[in-house]
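*Asks:* Have a look at this one before I ask anything.
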Amino acid sequence: MCSCANAEVLRRALIICTFLEQINSQLEHLQAKYVGTGHADLNRFEWAVNIQRDSYASYVGHYPLLAYFAVAENESIGRERYNFMQKMLLPCGYPPKKEEASRERRVNFASFPD
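Residue numbers (the numbering used here): 930 to 1043.
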């Protein structure tokens, strides 16, 4: 009886592993197909830019939502559309400096002779 229970546990574990591999494969396919779904090397800034741009595109694309913002800010709908389109250029400001540049500025003490 003990070996049957172990066999059942192993069978279930194999099914779960297969299911997880399928999920990972589907996720990789979506990430390759659509830009906004992210990838493994996506940093926090790029993720925030994607979220902001998606939000602004939704605001511009849905007229009732655009009209709501226009009334709330006491602006015309065309002006709000223009403002959202301008915000899509740099939604989170300038990107942070790359890490490689900051590494090059550091002094490598291992290269100095003793």
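Glycine is no exception: its CB is placed at the ideal position from the N, C-alpha and C atoms.
1) How would you call Phe974, buried or exposed, if buried means at least 16 neighbouring beta carbons within 10 angstroms?
2) Since I believe Pro1020 is in contact with Gln981 (beta carbons under 8 Å), could you give me their beta-carbon distance rounded to a whole number of angstroms?
3) Which residues mark the beginning and the end of the alpha helix (DSSP H) in which Val978 is found?
4) Near Val978, which residues of its chain fall below 6 Å by C-beta distance, leaving aside the five closest residues on each side in sequence?
5) Alpha carbon to alpha carbon, how far is Asn1012 from Asn1003? Give it in angstroms, no decimals.
6) So for Lys962, helix, strand or coil by DSSP?
7) With 16 other CB atoms within 10 Å as the buried threshold, where does Ala1030 fall?
8) At the level of alpha carbons, what is the spacing between Ala936 and Leu943?
*Replies:* Well, looking at it:
1) exposed
2) 3 Å
3) Arg973 to Gly990
4) Pro1020 and Cys1021
5) 13 Å
6) helix
7) Only weak support exists for where Ala1030 lies, its pLDDT of 48 falling under 50; the value from the coordinates is given anyway. Its Cβ having fewer than 16 others within 10 Å, Ala1030 is exposed.
8) 10 Å
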